[in-house]
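If you're matching positions, the sequence shown starts at 419 in the working numbering and goes up one per residue. These notes are about the structure you will find just below.
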Amino acid sequence: MGRQLHVIGNWKMNHDVQSCTDFWSELDGEDMPTTVAAGIAAPAPLLSDSLHKCPFSTKIYGQNCHQALSGAYTGETSAALLQSLGCAGVVLGHSERRQYFNESDALIHDKINTATSQNLQAVYCCGESLEQRKAGEHKSFVRSQIENSLFGLEPAQLQQLIIAYEPIWAIGTGETASAAQAEEMCAEIRQIMASKFGQGAADDLIILYGGSVKPSNAHEIFSQENVDGGLVGGASLKAESFVTLLRIAEELMSA
Ligand code: 13P
419 MGRQLHVIGN WKMNHDVQSC TDFWSELDGE DMPTTVAAGI AAPAPLLSDS
469 LHKCPFSTKI YGQNCHQALS GAYTGETSAA LLQSLGCAGV VLGHSERRQY
519 FNESDALIHD KINTATSQNL QAVYCCGESL EQRKAGEHKS FVRSQIENSL
569 FGLEPAQLQQ LIIAYEPIWA IGTGETASAA QAEEMCAEIR QIMASKFGQG
619 AADDLIILYG GSVKPSNAHE IFSQENVDGG LVGGASLKAE SFVTLLRIAE
669 ELMSA
């Protein structure tokens, strides 16, 4: 059986109690696809509400967790808390966390270990800047991110890992990587993982593309061989476009 397509929305620091409630009530009347893995990464204060209001088949993810399981870390969220709430996983290493909160590859590695120790899926993000892409360094840069954050994992942890390739220049800019660029990098990432963990493990890995995915480009991107769906920012904020993305993935799963 082929890999399941995933559509995971990342709300980032958007939505409030009312708009979150509206989102889930709009989804309530929808026939949710069963063949596609659907998820939303919500801001921490909206996790509980989302877990109560989301359709049964939709997984809820945190957007970050601390590397320690508990302690005096004011303002932080622990992986144990996410797990106890009922979250399926957590997004880690997003470029916005790397850029604005100085998260290093080594720190992200520690966070993945903590998250998986709590039976959470880790949605690990990587991707190059525009300067690196222009200099032709995108492959070597992403390789170094993966080597530093993922090569120290135990093979069994790969079962709880999703990788999202998110080129920074395509995030929130409206400028999407072409389907060919997304495919090239997701294939490259699969090969990098195969070189360390073996082809079989790499073939089973879910690798997503993220960066200005929207209903108008999702079909082409999701139909690439090594792209197993999307990590979606802006287009996941409205229930209507999120559902449209799920329908596109559903159609591809049945093709
Ligand atoms: P956009 O879809 O808004 O470009 O955001 C992508 C992203 O960063 C998802 O994590």
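Each residue gets a CB set at the ideal place from its N, CA and C atoms; glycine is no exception.
Start and end residues, beta strand (DSSP E) containing residue i
i              : result
lysine 477     : 476-480
glycine 628    : 624-628
leucine 676    : The structure shown does not extend to residue 676, since the chain is modelled only from 419 through 673, so no value can be given for it.
valine 661     : Premise fails: valine 661 lies in the alpha helix (DSSP H), 657-672, not in any beta strand (DSSP E).
asparagine 675 : Residue 675 lies beyond the stretch modelled for the chain, which goes from 419 to 673, so this question has no answer here.
histidine 424  : 424-428
isoleucine 589 : That residue, isoleucine 589, is in no beta strand (DSSP E); it is neither H nor E in DSSP.
glycine 457    : 455-459
Spatial neighbours of residue i in its chain, beta-carbon cut-off 6 Å, leaving aside the 5 residues before and after
i              : result
cysteine 543   : Gly511, His512, Ala582, Glu584
glutamine 563  : Asp523, Cys544
glycine 457    : Ile426, Lys477, Tyr479
glutamate 444  : Ala657
asparagine 566 : Asp523
methionine 450 : Pro473, Ser475
glutamine 575  : Thr534
glutamine 422  : Ala455
Proximity below 8 Å, CB of residue i to CB of residue j
i              : j              : result
asparagine 428 : glycine 590    : no
valine 541     : isoleucine 586 : no
proline 633    : serine 596     : no
cysteine 604   : valine 645     : yes
histidine 433  : leucine 655    : yes
alanine 498    : glutamine 536  : yes
alanine 653    : leucine 664    : no
isoleucine 530 : leucine 571    : yes
glutamate 521  : valine 661     : no
Expected contact under 8 Å - CB spacing of residue i and residue j to nearest Å
i              : j              : result
isoleucine 639 : isoleucine 625 : With a Cβ gap of about 12 Å, isoleucine 639 and isoleucine 625 do not count as contacting.
leucine 538    : leucine 500    : 6 Å
serine 547     : glutamate 593  : No, serine 547 and glutamate 593 are not in contact; Cβ-Cβ is about 13 Å, not under 8 Å.
serine 641     : leucine 670    : 6 Å
cysteine 704   : threonine 532  : Past the boundaries of the shown model lies residue 704; the chain is included only from 419 to 673, so the question cannot be answered.
threonine 439  : glutamate 668  : Their Cβ separation, rounded to whole angstroms, is 25 Å, which puts threonine 439 and glutamate 668 out of contact at 8 Å.
aspartate 467  : valine 435     : 7 Å
glutamine 481  : proline 461    : 7 Å
N-terminal and C-terminal residue of the alpha helix (DSSP H) that residue i is part of
i             : result
valine 435    : 435-446
alanine 600   : 597-615
leucine 576   : Segment: none, leucine 576 is in no alpha helix (DSSP H) and carries neither H nor E.
aspartate 467 : 465-471
8 Å CB neighbourhood of residue i in its chain, flanking five on each side removed
i             : result
glutamate 601 : Gln642, Glu643, Asn644, Val645
glycine 618   : none
leucine 465   : Ile478, Gly480, Leu500, Leu503, Cys505
The ligand GDP heavy atom lying under 7 Å from the CB of residue i
i             : result
glutamate 521 : Ligands displayed in this structure: the ligand 13P; the ligand GDP is not among them.
Contacting residues, own chain, Cβ-Cβ under 7 Å from residue i (five flanking each side not counted)
i          : result
lysine 557 : Glu606
8 Å Cβ cutoff, residue i in contact with chain D
i           : result
alanine 597 : Absence of chain D from the displayed structure is noted, only one protein chain being present.
Considering only residues of the segment 492-564, which uninterrupted alpha helix (DSSP H) runs meet the minimum length of 4 residues and lie entirely inside it, listed in chain order? Counting only runs of 4 or more, we get 497-503, 513-518, 523-535, 548-552.
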